[in-house]
């Protein structure tokens, strides 16, 4: 399937392995990525905090560009924060024709116009709803047997439920569990799996921010997880890049590898750890990968 | 509805968290099976268990119709009003068929399902001076204010002080001193009220407090928890917006600096350039606030460089540049004399056919059209 692809900022910034691994995984899942390379940041909630109309205009611009991609079935993102921030803007734009017209008038300077009803799905949602878990299972070449994976959902992709279309027919707040299972891994539940990683307040209250990250990582350690997987690069920054500092704040050793979702999928689809950028993590995923043979399942 | 109410009684198993500090024993789980029609509430189920099996079960309740805010608990791990949660809905989210009921979080338990609201929730509400500090001179008769401005604060006025948002606030979980969602939503109720004379003092107080508006982690827990759609996090963001953009309060917590650094960063680069955002959030690379932070952050930066997460070229150069139209949107929208915002709580959602309605026939500003902040805005 062809998708208008919005990688976000951080996947091309401080977590380049996310963007890189998505590019490797896409062809294996028959996804054609048409990158929206002229689109701008979703605002991550911060621009909306500053000026709602500005955030809505920037995202309407991205949506309008996605709607111009010939043959694209939908827009796909690989960042929970983008999903959450964009869904919030889209809710306002879709709810009110006058407001939409007002925003579109601004965009008319570029010949762009957003039409109500865009489908914008995170890679996680696309995996389950468009590709399907059965199809995914068929594509697995290297099942994650004996790998105990803790899903880390974070916030933006699970709350608020109604805006994000989460209901009994679309249990999107359980999709990570389902994907881990489809890839042959073992799902590890732990207290912090749907809590905040702390990233949004890292510059305002570093101690509280790192305490959040450290506690969730500690919960996962206590639940005996080999690694975490997350659909959010901002969560990844706080959970992986900042993990040595989080260890100091919570006063315990953590050493918990945190994988991006496309990396976990890629491993199961047979890609090599290095092509997925697993060597770029601060916490080496040695419990996931046997680096001497470069195969999954050192923990097995 | 008649059909719903005609459903016969069914059995439901409740698993309740019990705790009596006077007993000296640790908290424990207690299970009872009750029989009620599925549309009846979790509160009715708890009361039946108390009546039939154990008169010592502690639960606080009064109105039984989601008005008094007394019966806040956690149902299957999520905060809720027991009287406002149908048994069939609770059963659907139950694990292994058992409805789990616990006291709310972030507050000490007094007994069983009763928490100490005074120690946490009400103390925080008091913290924000929850009454009108009237403009002087007080008119002889009533104040006359624009209707829109009072419509604007109705969302926060819908709060019934049940504490559900406080229960699951993730910032409070790690920082118990955080003023929290309920109290900050209450603060907006007065900051948004044109009769109040202390907007700037209130905002400065809440912005400068290290556990004030900039301590919120933007996790949406309170938005999800609120049974009255108050959207506490949304009210906190409005407080930040007014404090930063209208009052220009440059707080000691870097809240203002971070927001403005982020906006400037995107205006310039189109995509976020993280290497600039960090020092700029502290006032710029050479700012006295930034220097210790940058030094402290060196090991993290070095780790990132060594792993190839970042490169020196990426840090020093700006690989992206915002397209001209994007810069123009920033400049034009930011320089409007009034911010245009849409609050769906006030405006509601278009009917399906509204898509085809003539755009020029904008609805009344108090109902659905985008309006200047302070009218139909969020």
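Residue numbers (my numbering), protein chains in the order written: chain A, 1 to 300; chain B, 301 to 678.
Glycine included, every Cβ here is placed at the ideal spot set by N, Cα and C.
This structure is a prediction, so every number in the text was calculated from the model and none was measured.
What first and last residue would you give for the alpha helix (DSSP H) that runs through residue 318 of chain B?
No alpha helix (DSSP H) holds residue 318 of chain B; the beta strand (DSSP E) holding it covers 310-318.
Just list the alpha helix (DSSP H) runs in the region 89-119 of chain A, keeping only unbroken ones of 4 residues or longer that don't cross its boundaries, in chain order.
Those alpha helix (DSSP H) runs which fall completely within the region 89-119 of chain A and span 4+ residues are 97-107.
Can you check whether the C-beta of residue 454 of chain B is within less than 8 Å of a C-beta belonging to chain A?
Judged by the 8 Å Cβ criterion, residue 454 of chain B is not in contact with chain A.
For residue 633 of chain B, which option in A:51, A:30, A:24 has the closest C-alpha, if you only look at C-alpha atoms?
Of the candidates A:51, A:30, A:24, the one whose C-alpha sits nearest the C-alpha of residue 633 of chain B is A:51.
Which partner residues of residue 496 of chain B appear in the DSSP bridge assignment?
Note: residue 496 of chain B sits in a beta bridge opposite B:434.
Compute the beta-carbon to beta-carbon distance between residue 484 of chain B and residue 513 of chain B, rounded to the nearest angstrom, for a pair I have assumed lies under 8 Å.
Going by Cβ atoms, the distance from residue 484 of chain B to residue 513 of chain B rounds to 6 Å, so yes, they are a contact pair.
From the DSSP output, read off the bridge partner residues of residue 315 of chain A.
Not covered by the structure: residue 315 of chain A. The range shown for chain A is 1 to 300.
List the residues of chain B whose Cβ lies closer than 8 Å to the Cβ of residue 198 of chain A, in chain order.
In chain order: 474, 517.
Could you tell me the distance, in whole angstroms, from the CA atom of residue 59 of chain A to the CA atom of residue 183 of chain A?
Cα to Cα, the separation comes out at about 33 Å.
Using a Cβ-Cβ distance cut-off of 8 Å, determine whether residue 172 of chain A contacts chain B.
No - not a single Cβ of chain B is within 8 Å of the one on residue 172 of chain A.
Given 8 Å as the limit, is there contact between the region 193-209 of chain A and the region 513-523 of chain B, that is, 3 or more CB pairs closer than that?
Output reads yes: the region 513-523 of chain B touches the region 193-209 of chain A.
Classify residue 341 of chain B as helix, strand or coil using the three-state DSSP reduction.
Residue 341 of chain B: strand per DSSP, three-state reduction.
Note down, in chain order, each residue of its chain lying with its Cβ closer than 7 Å to the Cβ of residue 379 of chain B, except the 5 sequence neighbours on either side.
These residues qualify, in order along the chain: 372, 404, 464, 467, 468, 525.
Would residue 263 of chain A count as contacting chain B if we go by Cβ distances under 8 Å?
So, not an interface residue.
Residue 13 of chain A to residue 68 of chain A, Cα distance in whole Å?
Going by the C-alpha atoms only, they are around 26 Å apart.
Residue 542 of chain B by DSSP, collapsed to three states: which one?
Residue 542 of chain B: helix per DSSP, three-state reduction.
Within 10 angstroms of its Cβ, does residue 579 of chain B collect 16 or more other Cβ (buried), or is it exposed?
The residue is buried, with at least 16 neighbouring Cβ atoms inside 10 Å.
If the cut is a Cβ gap below 9 Å, which residues of chain A does residue 634 of chain B touch?
Those are 50, 51, 54, listed as they occur along chain A.
Please decide whether residue 75 of chain A counts as near chain B, where near means a Cβ-Cβ distance under 8 Å.
Answer no: the Cβ-Cβ gap between residue 75 of chain A and chain B never drops below 8 Å.
Would you say residue 364 of chain B lies against chain A (beta-carbon separation less than 8 Å)?
So no, residue 364 of chain B is outside the interface.
Is residue 280 of chain A helix, strand or coil when you go by DSSP?
Helix at residue 280 of chain A.
Quick check for students: name the residue ranges of the alpha helix (DSSP H) that lie wholly in the region 27-60 of chain A, counting only runs of 4 or more.
Fully enclosed alpha helix (DSSP H) runs of 4 or longer: 46-50.
Should residue 611 of chain B go down as buried or exposed, given a rule of 16 or more other Cβ atoms within 10 Å for buried?
Exposed, since its Cβ has fewer than 16 Cβ neighbours within 10 Å.
So which residues on chain B does residue 58 of chain A lean against when the C-beta distance must stay under 9 Å?
Neighbours of residue 58 of chain A on chain B, chain order: 566, 626, 629, 630.
Compute the Euclidean distance between the alpha carbons of residue 455 of chain B and residue 645 of chain B, then round it to the nearest angstrom.
One C-alpha to the other measures close to 7 Å.
What did DSSP end up calling residue 514 of chain B once you bin it into helix, strand or coil?
Three-state DSSP puts residue 514 of chain B in a helix.
Taking the C-alpha atoms as reference points, what is the distance between residue 268 of chain A and residue 62 of chain A?
The straight-line gap from Cα to Cα measures roughly 32 Å.
Grouping DSSP H, G and I as helix and E and B as strand, with all else coil, what is residue 307 of chain B?
Three-state result, residue 307 of chain B: coil.
Find the residues of chain B that neighbour residue 67 of chain A, judging by a C-beta separation of less than 7 Å, and give them in chain order.
None at all; the shortest Cβ gap to chain B is about 15 Å.
Hey, is residue 402 of chain B's beta-carbon within less than 8 Å of any beta-carbon in chain A?
Not closer than 8 Å to any Cβ of chain A, the Cβ of residue 402 of chain B fails to qualify, so no.
Does the CB of residue 155 of chain A have a neighbour CB from chain B at under 8 Å?
Yes, residue 155 of chain A counts as interfacial toward chain B.
Would residue 106 of chain A be called buried (16 or more neighbouring beta carbons within 10 Å of its own) or exposed?
Classification of residue 106 of chain A: buried, given that the 10 Å Cβ count is 16 or more.
Check whether the region 253-264 of chain A and the region 93-107 of chain A are in contact - that is, three or more C-beta pairs closer than 8 Å.
They do not touch, by the three-pair rule.
What does a CB cutoff of less than 8 Å around residue 495 of chain B pick up in its chain, not counting 5 residues either side in sequence?
Counting only Cβ-Cβ distances below 8 Å, and skipping sequence neighbours, we find 432, 434, 435, 443, 445.
Go ahead and label residue 363 of chain B buried or exposed: buried means 16 or more other beta carbons lie within 10 angstroms of its beta carbon, across all protein chains shown.
By the neighbour-count rule (16 or more Cβ atoms within 10 Å), residue 363 of chain B is not buried but exposed.
Do the CB positions of residue 40 of chain A and residue 571 of chain B come within less than 8 Å of each other?
Yes, the pair counts as a contact, with Cβ atoms nearer than the cut-off.
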